[in-house]
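Report on the structure given below.
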Amino acid sequence: MSINLQIRDLAYFMKIAELGHLGRASEVLHISQSALSKCIDRLEAAYGAELFERVGRGIRLTSAGQLLCERSQLVERVLDETQRQTASMGKGLSGVIRVGAAATTAEFVLPEACRELQAQAPEVLLELQIGMNDVLHDSLRKGGLDIVLGPLGALESGGDEELTQLPIMDDQVVVAASAHHPLAGQQVPMAALCDYRWMLSPPSVATRQWLEAAFRDNGLPPPKVAIVSSSLASTRNLIIESGLLSFVSRRNLIGAGADGLVEVPNALTTMRRRFGVVHRTHAYLSPATRRFIEILQAQGVA
């Protein structure tokens, strides 16, 4: 089987595996079912194993098929990386940088860095995706992003060899409330926070996990959550108008945009963390991406 034919067949194979149905794959790929059946036959002959088994009206991968699918996805990512790498050679500081950013870093870290990047490399296109850290890291692992800018969290322990983290600056997360809240600006016992309702991130987010652990470690029940938001930093007005307590970066309380939102100070509910850049350890970083990382590192002091 020629290399071109095998790569094409593997692409068809992955789409069939994704949809679990030969007919639907035929419609999506605009290729006849008989042609796709021959594609499967060629691959099964080449690899010496059955790749699919019938389940009801559909099909699913066998163990051998699952292995081939995983390896094919890896090959696809390598080919994509190779194409991007060769395309960037000779172009210098140009091309596309795919950046994932947590809401707080998008608001307080990216603006200055983007201005500097535009000054140094005006031909670079920045594709920005704002979201929660766990979602962004998943996209990074799958090759959908080049770098992620956000809290480093558990990555600082070095337990994830697939990702490399580069610290940029320190940050603190604190309890915050509307200036009209009964606890606004007051240093109160931690137990007093249990009498009020909260607006917090989803349970999977590190800041919420830390806060709930702090309550638990001090013999208190977890905060009573009234609103769950995937982006507390961008819902400042909702925190103010709802009269709820929240847990946000202290940076959200600084500057004109912080009007009406104040800290409820307590050392036991102050979380210290670091912001940084995360990239895949063995992934290719274009010259433009490396320059952007240098700009981010120069901007902050870890």
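Sequence positions in the sequence shown follow the numbering used here and run 7 to 308. Virtual Cβ for every residue (Gly too), placed ideally from N, Cα, C.
Same chain, Cβ closer than 8 Å to residue i, five either side skipped, listed in chain order
i, result
"Lys21", "Ala31, Val34 and Leu35"
"Ala182", "Ile245, Leu251, Ser252, Phe253, Val254, Asn258, Leu259, Leu267, Val268, Glu269 and Val270"
"Arg214", "Leu206, Ser207, Pro208 and Phe253"
Alpha-carbon spacing of residue i relative to residue j, whole angstroms
i, j, result
"Arg63", "Asp15", "23 Å"
"Glu129", "Gly101", "7 Å"
"Gly26", "Ala112", "38 Å"
"Val84", "Ala304", "31 Å"
"Leu92", "Leu131", "Strictly speaking, residue 92 in this sequence is Thr, with Leu absent from that position. Cα to Cα, the separation comes out at about 18 Å."
"Glu218", "Val254", "14 Å"
"Arg66", "Glu76", "14 Å"
"Asp140", "Arg147", "11 Å"
"Ala193", "Ile103", "Note on identity: in this sequence residue 193 is Gln, with Ala being the wrong assignment. About 44 Å."
"Ser43", "Ile37", "10 Å"
"Ala23", "Glu50", "14 Å"
"Leu161", "Leu169", "In this predicted model, Leu161 has a pLDDT of only 47, less than 50, meaning its place in the structure is not dependable enough to derive any value."
"Ala17", "Glu247", "51 Å"
"Phe58", "Val115", "48 Å"
"Gln79", "Phe19", "11 Å"
"Leu226", "Gly191", "22 Å"
"Gly54", "Ile299", "46 Å"
"Thr68", "Asp47", "14 Å"
"Arg242", "Arg222", "27 Å"
"Ala273", "Ser236", "25 Å"
"Gln89", "Pro117", "30 Å"
Contacts around residue i, its chain only, beta-carbon distance under 7 Å, and the 5 residues preceding and following it disregarded
i, result
"Ile301", "Ala119, Glu122 and Leu123"
"Glu167", "Thr287"
"Ala232", "Arg203, Trp204, Met205 and Leu250"
"Ile136", "Ala107, Ala109 and Ala112"
"Thr295", "Ile103, Asp152 and Ile153"
"Cys45", "Asp15, Tyr18 and Phe19"
Residue j beta carbon less than 8 Å from that of residue i
i, j, result
"Gly149", "Ala212", "no"
"Ser210", "Leu238", "no"
"Val105", "Leu73", "no"
"Leu189", "Pro229", "no"
"Gly156", "Leu134", "no"
"Val284", "Val154", "yes"
"Asp144", "Phe281", "no"
"Arg297", "Gln171", "no"
"Arg275", "Ala185", "Strictly speaking, residue 275 in this sequence is Thr, with Arg absent from that position. Result no, Cβ atoms of Thr275 and Ala185 do not sit closer than 8 Å."
"Glu56", "Ala41", "no"
"Trp216", "Met277", "yes"
Cut-off 6 Å between Cβ atoms - residues of its own chain near residue i, not counting five sequence neighbours on either side
i, result
"Gly306", "Ile174 and Met175"
"Asn224", "Met196"
"Leu291", "none"
"Gly263", "In this predicted model, Gly263 has a pLDDT of only 45, less than 50, meaning its place in the structure is not dependable; the value taken from the coordinates is given anyway. Closer than 6 Å at Cβ, skipping near neighbours: no residue."
"Val61", "none"
"Arg256", "Gln178 and Val180"
Cβ distance (whole Å) where residue i is taken to contact residue j below 8 Å
i, j, result
"Arg279", "Val179", "7 Å"
"Glu82", "Ala289", "Between Ala289 and Glu82 the Cβ distance is about 14 Å, and since that is not below 8 Å, they are no contact."
"Glu28", "Gln39", "The question names Glu, but residue 28 is Leu in the sequence shown. About 5 Å; that satisfies the 8 Å criterion."
Q: Can you check the region 20-84 for any alpha helix (DSSP H) of at least 4 residues that lies completely inside it and give the ranges in chain order?
A: 28-35 and 39-53
Q. Which runs of the alpha helix (DSSP H) spanning at least 4 residues fall entirely within the region 156-229, listed in chain order?
A. 212-223
Q: Let me know the alpha helix (DSSP H) ranges lying completely inside the region 236-275, each 4 residues or longer, listed in chain order.
A: You should have 242-248.
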